[in-house]
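One structure is given here, and the rest of the page talks about it.
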Amino acid sequence: MCGIVGYSGPITVSNKPLEVCLQGLSRLEYRGYDSAGVACVGPHMDQVALDKKAGRLSVLEEDLKLHPLPEAQVCIGHTRWATNGEPNDTNAHPHLSKDHKIAIIHNGIIENAVRLKFELQSEGYSFTSQTDSEVAAKLLGRIANVIIEETGKPNLFEAMRRLGKMLDGTFAILAVDVRQPDVVCAIRRDEPLVLGLGDKETFLASDVTAFISYTKHALEIGQDNAVMVQGDTIVVTDFDGNKVTPKEFTVDWDASAVEKSGWDSFMKKEIHEDPAAVRETLMSRFDLDGNIKLDEVHIDEKLFKTIDRIVIIGCGTASYAGQVAKYAIEHWVRIPVEVILSHEFRYSDPILTPQTLVVAISQSGETMDTLMAIRHAREQQATVLSICNTQGSSIPRESDAVLYTHAGPEIAVASTKAFVAQITAEYLLGLYLAQVKGTLFHDEINGILSSLRAIPEKIDWILKHDSESIQDVAQKLVSQQTFLFLGRNVGYPVALEGALKLKEIAYTFTQGCAAGELKHGPIALIEENVPVIVIVPSACDRNVLHSKVISNIEEVKARGAYTIAIAEEADPDVERYADVIFWRPQCPTLVSPLVDVVPLQLFALYMAEAKQLDVDKPRNLAKSVTVE
Ligand code: AGP
Numbered sequence: 002m003c004g005i006v007g008y009s010g011p012i013t014v015s016n017k018p019l020e021v022c023l024q025g026l027s028r029l030e031y032r033g034y035d036s037a038g039v040a041c042v043g044p045h046m047d048q049v050a051l052d053k054k055a056g057r058l059s060v061l062e063e064d065l066k067l068h069p070l071p072e073a074q075v076c077i078g079h080t081r082w083a084t085n086g087e088p089n090d091t092n093a094h095p096h097l098s099k100d101h102k103i104a105i106i107h108n109g110i111i112e113n114a115v116r117l118k119f120e121l122q123s124e125g126y127s128f129t130s131q132t133d134s135e136v137a138a139k140l141l142g143r144i145a146n147v148i149i150e151e152t153g154k155p156n157l158f159e160a161m162r163r164l165g166k167m168l169d170g171t172f173a174i175l176a177v178d179v180r181q182p183d184v185v186c187a188i189r190r191d192e193p194l195v196l197g198l199g200d201k202e203t204f205l206a207s208d209v210t211a212f213i214s215y216t217k218h219a220l221e222i223g224q225d226n227a228v229m230v231q232g233d234t235i236v237v238t239d240f241d242g243n244k245v246t247p248k249e250f251t252v253d254w255d256a257s258a259v260e261k262s263g264w265d266s267f268m269k270k271e272i273h274e275d276p277a278a279v280r281e282t283l284m285s286r287f288d289l290d291g292n293i294k295l296d297e298v299h300i301d302e303k304l305f306k307t308i309d310r311i312v313i314i315g316c317g318t319a320s321y322a323g324q325v326a327k328y329a330i331e332h333w334v335r336i337p338v339e340v341i342l343s344h345e346f347r348y349s350d351p352i353l354t355p356q357t358l359v360v361a362i363s364q365s366g367e368t369m370d371t372l373m374a375i376r377h378a379r380e381q382q383a384t385v386l387s388i389c390n391t392q393g394s395s396i397p398r399e400s401d402a403v404l405y406t407h408a409g410p411e412i413a414v415a416s417t418k419a420f421v422a423q424i425t426a427e428y429l430l431g432l433y434l435a436q437v438k439g440t441l442f443h444d445e446i447n448g449i450l451s452s453l454r455a456i457p458e459k460i461d462w463i464l465k466h467d468s469e470s471i472q473d474v475a476q477k478l479v480s481q482q483t484f485l486f487l488g489r490n491v492g493y494p495v496a497l498e499g500a501l502k503l504k505e506i507a508y509t510f511t512q513g514c515a516a517g518e519l520k521h522g523p524i525a526l527i528e529e530n531v532p533v534i535v536i537v538p539s540a541c542d543r544n545v546l547h548s549k550v551i552s553n554i555e556e557v558k559a560r561g562a563y564t565i566a567i568a569e570e571a572d573p574d575v576e577r578y579a580d581v582i583f584w585r586p587q588c589p590t591l592v593s594p595l596v597d598v599v600p601l602q603l604f605a606l607y608m609a610e611a612k613q614l615d616v617d618k619p620r621n622l623a624k625s626v627t628v629e
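Sequential numbering of the sequence shown, starting at 2, is according to this note's numbering.
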C-alpha cells in the first residue's frame, strides 16, 4: 500500500536525486499518505542523510526547507500506509541500520519480523520503531558488515540478495549505503516494483506514475529478483545471483495523465474521462470484417471453445464490475459465470478445472488478495485471464493472458473510469467468447457492439446535463447520515457500487441492496426523509423489471422515504413517484450500468466536496491494497 521511489543519476552530486524522489512521492501519494520520508547518499558521507515526518508529503517538504539535506548522488523516498506501528515520525520510512550507514524503504509485510527482531535483540541490537521494516534495516546492516569482513569491501547488492532469502512475507525494498554512494539496490517479492530507463540515470518505483515525466521506457521486475542500479547501469539477478533479463515495456500514456490539469480533483477529472475510458478500451480490437480480435490475449481459440465455466474474481469496485458482466456473459455465452471476492475465493476451496476460465479484475494490478487468488487458481490448473489497467503490474504478469483496459492511470482512490472500462473489457471478452463458441450470430454481436460504441456520447450527455442538479441534491442532503441504494438485475451491482463510492469518500453509512430484497428486511430502515437512491431499469427493454422497481419506489415512498431515481429519459412512470430524477439517455438494459453509474459517481464526489473532505485521498484508504 506504500509508495516507494528511488533514483541513481550521473556521477555528480546535486539536488536532482532529492527533487526526483519528492516529485515521485507526490505522484505516488495516492498509494498511502500516513507519513513520508527520504534518504540521500553522496560521496564522503559517513552516515545517511535522512528526513521523515508523519502526515502528508507537504509536512516533509516544509521540514526539508528548515533542515535541507546535502546534495547527493542517490536518493530513496517513501509514502506510508501504516500496516504495523501507528503513523508517526519514528515509524515513518526510511529506516536505518545500526551504524546509520544504510537506509531502506519497504512496501509490504515481513511475516518473520518478530523472530528476526528477537535474534537481533539477543545480539544487542535496539529498535526505536514498532515496524517490521526497521527489523529489515538492522538485519541488512548486519549482513553488509559481515560481507565487508568476508571480502574487505562493501557489496550492498549481495547483502540485499542475502536479506531477500532471509525474509518471509511480501516486500519491495530499496536500500542505499554511504560506502557505495552512487548505488541503489532493490529486492522484491509480491510487492510492485518497476524501473524507469533514463539517459545516464535510472528510476525505481512502485509504479510508472512516479517517473513518467522523465521516461516512458520501463522494466518489469519479477518475483524474487534483486536489482542494482548505478547511473544507467542496471544489473538484475535472482536471490542466488543468477542474471535475469527483465521484460521491457513502453508506457502508452503521458505525464499529463497524472496531473490534475486544472480539475479540482483527480476524481472529478477521471469521472469526466469515463467516455474516453470506454472508447479507448474498445479501440482497435476488431478486424476489417468487424470480428472481435483480442490479440494481446494469448489464449488459443481452441481453449476458449472448451471453456465451460467462468469465475470472475476481484475486490471492491472491481468485483462489482464482475457482477455486472455476469448477467451479460451468461446471456450471450450460455455458460455459468460466478463472481467471487478475491479474498473469499482462495479460502473457499473453489471447484476449478482446466475448462474453468478465471477472470481477475484489477485496476492497479497489485491487489494482494487478487494476486494470491490467481496463484491459487493456476495451481488448480485453471486458465487465468486478467483485466487490468496498469501495464507491467504483478497480476497481468502472473496470469496466462491479459486484456488491458485503456482508461489511463487512475489516481483518485475512488475507482470511477476504471469501473466503466472494466465492464467494457468484460463485454468484449464475453462477445469474443460468443463469437468463438457461436452462441451469438455475427449481426447480434455487431448490434451489441454498436450499443457499446454509443455509450461515450451518452455519458457525455449525463456529464453535461445532470452535473448541476446532482450537485444541488448532494448539497441539500449533506447532513444525511445514511443512504439506501436499490437496483435490480444489472442495476443491483450498480447500486452496490454507488453505495461504495458514497461510503468511501463521504464517509456516509450506505447500503446497496437488491430492490427485490427490500421487503425481506431492509425496508425496516425506511422512515421519514430517509434518502433512497434507485436505479430504474428501462421501460422499453424487458419492462417487467421496470414495473417491479417502480413498485419498490412506491413502497419506500409510502413510508416517508426521500426518493432519488436514476432513470431513462422519457420514462413514463417514474415522475409520479420519485422526488428527484437524474435522467440518463436510453440504451439496452445490459449496457445501462455504463450510464447509470455516472450520476452515482458524481453524487459521491459532490457530497464529499460539500463536506469539504479530501476527495482524492479519503481517510484510512489507499489506491492499491497490496497487503492481504
Ligand atoms: C474502489 O473505489 C476502491 N478504491 C476499491 O474498492 C478498489 O476497487 C479495490 O481495492 C480493488 O482495487 P483494484 O481494482 O486495483 O484491484
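Cβ atoms here follow ideal geometry from the backbone N, Cα and C, with glycine treated the same way.
Determine the direct distance from the alpha carbon of residue j to that of residue i, and round the result to whole angstroms.
{"i": "Ala611", "j": "Leu295", "result": "43 Å"}
{"i": "Gly317", "j": "Leu501", "result": "8 Å"}
{"i": "Leu342", "j": "Ser349", "result": "10 Å"}
{"i": "Pro600", "j": "Trp584", "result": "9 Å"}
{"i": "Val421", "j": "Leu353", "result": "28 Å"}
{"i": "Asp100", "j": "Thr406", "result": "47 Å"}
{"i": "Asn390", "j": "Val147", "result": "43 Å"}
{"i": "Lys244", "j": "Val338", "result": "42 Å"}
{"i": "Val259", "j": "Glu529", "result": "44 Å"}
{"i": "Glu87", "j": "Gly56", "result": "11 Å"}
{"i": "His299", "j": "Ala402", "result": "5 Å"}
{"i": "Gly38", "j": "Ser27", "result": "12 Å"}
{"i": "Leu453", "j": "Ile222", "result": "36 Å"}
{"i": "Ala322", "j": "Ala435", "result": "19 Å"}
Ignore the nearest five residues each way along the sequence and tell me which others in residue i's own chain have a CB closer than 8 Å to its CB.
{"i": "Leu526", "result": "Thr483, Leu485 and Gln512"}
{"i": "Ile12", "result": "Gln74, Asp183 and Gly232"}
{"i": "Asn447", "result": "Gly291"}
{"i": "Ser130", "result": "Gly86, Thr91, Asn92 and His96"}
{"i": "Gly561", "result": "Ile527, Glu528, Glu529, Asn530 and Val531"}
{"i": "Leu479", "result": "It is Val, not Leu, that sits at residue 479 in the sequence shown. Cβ neighbours of Val479 beyond the five flanking positions: Met608, Ala611 and Lys612."}
Taking a contact to mean a Cβ-Cβ separation below 7 Å, would you say residue i touches residue j in this structure?
{"i": "Glu569", "j": "Ser539", "result": "yes"}
{"i": "Pro619", "j": "Val414", "result": "yes"}
{"i": "Leu29", "j": "Gly4", "result": "yes"}
{"i": "Gly366", "j": "Pro397", "result": "yes"}
{"i": "Val628", "j": "Met369", "result": "yes"}
{"i": "Tyr515", "j": "Val535", "result": "Reading the sequence as shown, one finds Ala at residue 515 and not Tyr. Contact: no."}
{"i": "Thr425", "j": "Gln602", "result": "no"}
{"i": "Asn113", "j": "Asp169", "result": "yes"}
{"i": "Ala219", "j": "Ile188", "result": "no"}
So, for residue i: in the same chain, excluding its five sequence neighbours on each side, which residues have a beta-carbon less than 7 Å away from its beta-carbon?
{"i": "Gly43", "result": "Val14, Pro71, Glu72, Ala73, Gln74 and Pro182"}
{"i": "Arg379", "result": "Val385"}
{"i": "Pro193", "result": "Ala173, Ser207, Asp208, Glu367, Ser394, Ser395 and Thr627"}
{"i": "Leu304", "result": "Thr384"}
Which residues in the same chain have their Cβ closer than 6 Å to the Cβ of residue i, if we skip the five residues on either side of it in sequence?
{"i": "Thr307", "result": "Gln356"}
{"i": "Phe158", "result": "Cys186 and Met229"}
{"i": "Val495", "result": "Gly488, Ile536, Pro594, Asp597 and Val598"}
So is residue i buried or exposed if we call it buried at 16+ other beta carbons inside 10 Å?
{"i": "Ser552", "result": "exposed"}
{"i": "Phe442", "result": "exposed"}
{"i": "Leu289", "result": "exposed"}
{"i": "Phe267", "result": "buried"}
{"i": "Met284", "result": "exposed"}
{"i": "Glu399", "result": "buried"}
{"i": "Ser262", "result": "exposed"}
{"i": "Arg335", "result": "exposed"}
{"i": "Ser630", "result": "The question about residue 630 has no answer, for the chain in this structure spans 2 to 629."}
{"i": "Phe204", "result": "buried"}
{"i": "Pro18", "result": "buried"}
{"i": "Asn490", "result": "buried"}
{"i": "Pro573", "result": "exposed"}
{"i": "Leu67", "result": "exposed"}
{"i": "Glu302", "result": "exposed"}
{"i": "Asp52", "result": "buried"}
{"i": "Lys459", "result": "buried"}
{"i": "Ala559", "result": "exposed"}
Please tell me whether residue i has its Cβ less than 7 Å away from any Cβ of chain D.
{"i": "Gln476", "result": "Of the protein chains in this structure there is only one, and it is not chain D."}
Any heavy atom of the ligand NAP closer than 6 Å to the beta-carbon of residue i?
{"i": "Gln74", "result": "For the structure depicted, the ligand NAP is absent and the ligand set comprises only the ligand AGP."}
Review point. Does the pairing of the segment 247 to 255 with the segment 566 to 581 give three or more beta-carbon distances under 8 Å?
Key: Segments in contact, no.
Review point. Counting pairs of beta carbons, one from the segment 17 to 34 and one from the segment 143 to 158, are three or more of them closer than 8 Å?
Key: Cβ pair count under 8 Å is below three, so no.
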